[in-house]
Each structure stands twice: as structure tokens, then as C-alpha cells.
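Here the sequence shown is numbered in my numbering, starting from 1285 and rising by one per residue.
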Amino acid sequence: MDDELFQRVPTANLPTSLALLRQMLDAPGAKRDFSRVPGFTVFDRPRKLPDAVLPVAESLLTRVLDASGSGKLALEEGMLRHIALTASPTSLPFFEHLLDYTRPRDQFAVKRRAWAVAGIALIATRTGGSNTAARRIEALLREHPDKRVRTAAIDAVGRLWRTQKGALTAGALKLLEHVSREDRAFEPCFAARGWLAAMGHAAEVPSEGGVYAFKATFGRASRTVELLATHTLVDLVSAVVSAFSWDHDHLWALALSTELDQDDFQVSPEGDPWSVDDGPAAMPIGMLGMPVGHRFRLLYDFGDHNLFDIELVDIRPSPTPRAKYPRVAASVGKAPDQYR
């Protein structure tokens, strides 16, 4: 591969790159190729921007948001990485603007807001954790109407708010515990409980005797399987496959969110054997924070690509006496042949 792809533009040359970007944006009706702007690609290590360069970068990136051209999303992310890493308190208004910014068919919205949240969290971390940025992160985590922003704030707190020994700070622990109890949306609750579990502060299973009913649909056939709150996602997959009378000889993956596609919501323990014991696949279902009505997907057999739609249709406080779980509670339609 061409060595030029791996060149890293020194910080001293970034003003030249920004001057080139300004020329592109100032040219009316020009066909822009933003990949020509060096220093802001995925191959460039993000670094702290000098005080004189930071406001220029923020101003130009704000203009890029509404501009058109090839390589735009890569440039956005590259510039955001530099600005977020700089973690200057003066960038707070810029990050707030990114959180509020919308445009039609915005492919970068989720990732842009995640970078904005990460920038605010990093400012809070580097300035002592008791400041405007910290209060803003707390407000985003607790109150923002978009659950994707709340989830990004949770992830930023889990990654950044650590003691020198790597443990969660007292403030981070308090916030994550609050979300794990109070947020009714699956994604933020799951993210908070995941961080707590990973750091040795597992959330309490809401009801040890609770029964969770999942409806799995494949084509015109469906099966409703019931599991205890103490069963795991591995048990759920096994129950679904058995309910359709299929064999268990294939790899599988769960996409636990239909709105957020980041790795945190992908569960595939057979592709990552360590996660069978330590990851989300091993967490009791009652700890995951799923509300009734939550929908997700199971991909079974990576070769044949069998895709099941799954919905949590009911949560009951106690199991049926003498019933054995997991069990099939309802069956609709003939199960399709596994090998068609």
C-alpha cells in the first residue's frame, strides 16, 4: 500500500490543512474532495490542537456540516477526534451545537453526537470532575430526550471517569447506578449495567423468580419461549433454536438494539469465547434492562444467514408451579426446514 496513506501530518502543518479546507468551502459551486485535506484521516493520530488552531478548526467544521463533497464523513470524524482530544473548556459551546445539529438523512448523526459527548466528558475529566462539563455530562446522562445521547454519555463516563487505579470514580458509580435503576429505555440501562458488571458492581436482578416471555418469529412461523430472570442470552438462543426443532451446530449473533449498531450491543460469544463467561451473554436476562415490547434480532448460522425477529412480550413476577424453564409457551405456524 502506498506509504503516503500512513503519513502523519505534524501539528505545525495543520494550519496549512485548515487553510486548504477554507479554500474548498469558499469556492462557490466547486466539486469538493475533502479527502485531499491532510492531517484528519483515520491514519492520522489525533492530537491536541494549539490554542490558535482550535477555534479555526471548530469554525470550519461547523461549515463542513452543511457542505457537500466526497470524503465528508471521514473528514468530520477526523476533525472531531482532534477537537475532542484537545479537551478545551472553550469547546463546550461547539460540542453543544453538535448535539443539537440535525439535517435530513444524516448518516453521521449518532457518531457525531457520541464524539461531542466524549469531548465534554474528557473536558470534565481533565479539569477535575467538578465543573460545568461534569454537570453537563450528568444532565445528558440523566435527562437528554434522545436515548442514543444518554447511551453515549454512559459510555463516556464508563471509559473516562476512573481513579488512578482504574476503578470507577465515586461520581461515575453513582451516575451509572442511577441510570441502571431509573432509565426505562433499554440501551442506556443496558450500557450502565454492563459497565457496572465489568467493573465489579453488578446490578441486582429485579426478580429472581421472574419469568420473561420472548416471541421469536421466522417467516410466518413464531414460537414464544419463556425463561427465568436468572437465565442468560445463551439460554435464550438455545431455547429459540430448540423451539423451531433446529440443531445447535452453528454460530450465532444477537443484535440487541435495532437503533444502535455499535459493538456494545452485538453479542456473539462463539466468535469471542472469552465473552461466554464474562460478557453480556453471561449476564442474567433480568439484569439486561429489557422492557416489555423491546425488539431485537438473532442471526443463526452465518452461512445460511437465518434471521429471527425477537420481541419481549411479557414479564411475570413468578413462574408457573412445577413448570420447567426454558419452555415453549406458544407455537404458531409450521417451523421451516433448517436446511432449505
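Here a beta-carbon is modelled for each residue, glycine too, at the ideal position from N, C-alpha and C.
- DSSP, reduced to helix, strand and coil, places Lys1499 within a strand of the structure shown.
- For Thr1508, the enclosing beta strand (DSSP E) starts and ends at 1505-1512.
- Close CB contacts of Leu1457 within its chain, under the 6 Å cut and outside five residues either way in sequence, are absent.
- At least 9 Å separates the beta-carbon of Arg1331 from that of Ala1371.
- A direct Cα-Cα distance of roughly 19 Å separates Thr1542 from Arg1477.
- Remark: C-beta atoms of Val1321 and Leu1304 approach each other more closely than 9 Å.
- The Cβ atoms of Phe1470 and His1381 do not sit closer than 9 Å to each other.
- By the Cβ rule, the region 1503-1523 does not count as touching the region 1430-1450, because fewer than three pairs are nearer than 8 Å.
- Taking the Cα of Glu1461 as reference, the smallest distance to any Cα among Leu1572, Leu1480, Leu1444, Trp1445 is reached at Leu1480.
- Looking at the DSSP output, Asn1590 shares a beta bridge with Tyr1584.
- DSSP, reduced to helix, strand and coil, places Ala1607 outside both helices and strands of the structure shown, so it counts as coil.
- Secondary structure of Glu1543 (DSSP, three-state): coil.
- For the alpha helix (DSSP H) assignment, the uninterrupted runs of no fewer than 4 residues enclosed by the region 1411-1495 are, from N- to C-terminal side, 1416-1427, 1431-1444, 1454-1466, 1470-1482.
- Beyond the five residues adjoining it in sequence on each side, Ala1368 comes within less than 7 Å, by CB distance, of Trp1399, Ala1402, Gly1403, Leu1406 in the same chain, given in chain order.
- Assignment of Arg1397 by DSSP, reduced to helix, strand and coil, places it in the helix class.
- With contacts defined as CB atoms closer than 9 Å, Leu1444 and Ala1436 fail to qualify as a contacting pair.
- For Pro1334, there is no enclosing alpha helix (DSSP H), since its DSSP letter is neither H nor E.
- The criterion of a C-beta distance shorter than 9 Å is satisfied by Pro1299 and Val1337.
- Just measuring C-alpha positions, the residue of Arg1432, Phe1378, Asp1384 sitting nearest Val1394 is Arg1432.
- Under DSSP, Glu1360 takes part in no beta bridge, so it has no partner.
- Distance from the CA of Arg1581 to the CA of Glu1595, rounded to the nearest whole angstrom, comes to 9 Å.
- In this structure, the straight-line span from the alpha carbon of Arg1306 to that of Met1574 is close to 47 Å.
- Around the C-beta of Arg1389, fewer than 16 other C-beta atoms lie within 10 Å, and the residue is accordingly described as exposed.
- Assignment of Ser1372 by DSSP, reduced to helix, strand and coil, places it in the coil class.
- Val1518 is positioned such that its CB atom lies no closer than 9 Å to that of Ala1486.
- Shown here for Asp1598: same chain residues with a beta carbon closer than 7 Å to its own, the five before and five after excluded, namely Ala1497, Val1576 in chain order.
- Thr1386 is classed as exposed because its beta carbon has fewer than 16 other beta carbons within 10 Å across all chains shown.
- Residue state for Arg1579 is assigned as strand, using DSSP reduced to three classes.
- For Arg1420, the closest alpha carbon among the candidates Met1363, Phe1392, Leu1383 is that of Leu1383.
- Looking at the DSSP output, Asp1317 shares a beta bridge with Ser1354.
- In this structure, the alpha-carbon of His1589 lies about 10 Å from that of Ala1537.
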